[in-house]
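Here the protein sequences line up with chains D and L, keeping their order. Residues 1 to 119 in the working numbering are what the first sequence lists, from first letter to last. Residues 120 to 498 in the working numbering are what the second sequence lists, from first letter to last. Don't be surprised by glycine CBs; every beta carbon is placed ideally from N, CA and C.
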Amino acid sequence: MSDPLVATLTVAPMAEDVSLTLILTVENTGREQQDLSFADGQRAEFVAVDDEGSEVWRWSDGRMFAMALGRETLAPDESVTYEAEWSSPPAGEYEVTGSLSATDADASATMTVVVPEQG
Amino acid sequence: MVYRDPKTRRDVLKAAGAAVATTGLAGMASATPGTVEVNVGYSDDSGKRAAVAEADQVVREFNFDAVTVRVNENAVAGLRKRPDVRYVEVNGTMHALAQQLTWGIDRTDSEVAHANGDTGAGADIAILDTGIDSDHPDLQANLGAGKAFVKSRGPYAEAWDDDNDHGTHCAGIANADDNSQGVKGVSTEATLHAVKVLDKRGSGSFSDIAAGIEYTADQGWDVASMSLGASSGSQTVKDACTYADDRGVFLVAAAGNSGPCTDCVGYPAAYSECMAVSSSASDDSLSGFSSTGPEVEIVAPGTDIYSTVPGGYDTFSGTSMATPHVAGAAGQLMANGYTNADARSRLKSTAEDIGLASNEQGSGLLDTAAALGYDSSDN
């Protein structure tokens, strides 16, 4: 049986600001409800790796989280989105991965992001 | 009016409805268990006869088409379904749901302190979190000033209103009002300050959290309750903790939810300026999710804790829930003139050994009554 959780990642550049908004969407494509458990307030992680394979940015670096257990439920065909902002990314080409931080389910998506040189 | 997003609102209503269904019926005056007094409006005499047939006692027959009867509560649904019955309503004043003594308050003997008149009045407790519901009936009397370093998302009454639930839950554990409803806190009359450093999703930047700690110190408040953490540290947050500690703030923080694990206390709990709190369950076992390590100084209730959320009450688990138990007790001590350092050592020296390893329980389980000098041998 295929994994019912399907993740997609999109990126929206912000016009005025030199930052990127990453949006991870996780959809339950299965026929049964999916319960997602979380150990704390972190629901998703976002990581950017450069063309040499080095990690250059991780969303959770520089953040702290509420320390209560959490649970979210996805009905069939229901989806949930998580956003992360990458401020002032250096110019370059990156593989960016967004992944669900649930303790009992996996879902992740990767895309290539090109950050142009600033004029 | 406080805005709530539909999902949160619906969940809260569901939880509140369940509470009414269970404690509401139990709390009603009744001659025998399961008997309720109801007013039945009918549209035909057959409806009246059905109500009277079910009745243990007919209390009143009105000149208009209604009777007041005492019936078994199981009969209510059947009467409501009848086409010749217009309504069945519970008679009498709708009592506010009785205040519950939560297991965390009971186990830490905080109610013993209350019975001796200790309420934390005069202490200022800052909840560095997702905000606090500004119109919760179990918190409102205790709310002081608030400050938002991350503004709540939505048309809320206050920028520091809680758009998550987490902060309101922690606030209630520390210092919910001792009134006729809901719950009461470890302290009950201290002043709660919402310092909103976590966003709607429950996360916050190092900079915003450091600013919240600095702000708490600059206000001269007594306690900073930090139900938050990360597995890696921040020099800025550490510096803010030093700043606040030097200015007399009692800093308490959640050990983290990385358990089961050893030597895994998160930050800021692992900083020497902070009292790191691990979490216990009602059977005095260590909560399975609780981080442990040499930095843990005290353990407090954190599994299945019932407390306030915007619009109602809910049950959460986490070292987040253990932390405000300690914050409320520290508020009690500082209301009585203890410094932050004295309060910290007093809480440790009076904690109850519950037989866990020292990296799990630190000095032991929080004992509010013993910290305040009262006999807590009843447990």
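Within the segment 48–74 of chain D, those residues whose Cβ lies closer than 8 Å to any Cβ of chain L are, in chain order, S60, D61, G62, R63, M64, F65, A66, M67, A68, L69, G70. The contact set of F435/L on chain D, defined by CB atoms closer than 8 Å, consists of A68, L69 in chain order. Burial of R226/L is indicated by the presence of at least 16 other C-beta atoms within 10 angstroms of its C-beta. In the three-state reduction of the DSSP assignment, R189/L falls in the strand class, which pools E and B.
Between I244/L and chain D, the shortest Cβ-Cβ separation is not below 7 Å.
Straight-line measurement puts the Cα of R58/D at about 14 Å from the Cα of G352/L. Per DSSP, the unbroken beta strand (DSSP E) holding L100/D starts and ends at 92–100.
Closer than 7 Å to the CB of D35/D there is not a single CB belonging to chain L. In this structure, S324/L keeps its C-beta atom at 7 Å or more from the C-beta atom of S377/L. Within the same chain, T227, D228, S229, A232, V305, A448, Q451 come within 7 Å of T487/L by CB-CB distance, once the 5 residues on both sides are set aside. Within the DSSP secondary-structure output, F46/D pairs in a beta bridge with G98/D. Scanning chain L for C-beta atoms nearer than 8 Å to the C-beta of A39/D yields N376, S377, F408, reported in chain order. In the three-state reduction of the DSSP assignment, Y334/L falls in the helix class.
For G70/D, the uninterrupted beta strand (DSSP E) segment begins and ends at 70–74.
A217/L has its alpha-carbon roughly 18 Å from the corresponding atom of G153/L. Only exposed fits S391/L, as fewer than 16 other CB atoms lie within 10 angstroms of its CB. The Cβ-Cβ distance between T238/L and T307/L falls below 7 Å. Beta-bridge pairing by DSSP links D203/L to no other residue.
In the displayed model, F65/D falls within a strand according to three-state DSSP.
E479/L is a Cβ neighbour of L405/L, given a cutoff of 7 Å. CA-to-CA, the gap between L466/L and A267/L works out to about 30 Å. Membership of E173/L in the alpha helix (DSSP H) is indicated by the continuous run 164–173. Judged by beta-carbon spacing, D281/L lies within the 7 Å limit of T249/L, meaning their Cβ atoms are closer than that value.
Closest by C-alpha distance to H312/L, out of S326/L, R320/L, W340/L, is W340/L. Between the segment 64–78 of chain D and the segment 22–38 of chain D, the count of C-beta pairs closer than 8 Å reaches three or more; the two stretches touch.
Residue contact check for F325/L against chain D: a CB pair falls below 7 Å. According to the DSSP secondary-structure assignment, W86/D is paired through a beta bridge with L20/D. The straight-line gap separating the alpha-carbon atoms of T381/L and I473/L is approximately 19 Å.
V18/D counts as exposed, since fewer than 16 other C-beta atoms from the protein chains shown sit within 10 angstroms of its C-beta.
Restricted to the segment 211–241 of chain L, the alpha helix (DSSP H) segments that are unbroken, complete and at least 4 residues in length are 222–226, 229–234, listed in chain order. Nearest neighbour of R179/L by Cα position, chosen from S344/L, V157/L, S468/L, turns out to be V157/L. Taking a Cβ-Cβ cut-off of 8 Å, the neighbours of G348/L in chain D comprise D40, M64, F65, M67, given in sequence order. The Cβ neighbour count for Y457/L, taken over all protein chains shown within 10 Å, is at least 16; the residue is labelled buried.
A distance below 8 Å between beta-carbons, with the five flanking residues on each side excluded, links L20/D to the following residues of its chain, in chain order: V11, A12, P13, M14, E85, W86, P89, V113, V115. At a Cβ-Cβ threshold of 7 Å, A66/D and L347/L count as neighbours. The segment 284–301 of chain L makes contact with the segment 419–432 of chain L, as at least three CB pairs between them are under 8 Å.
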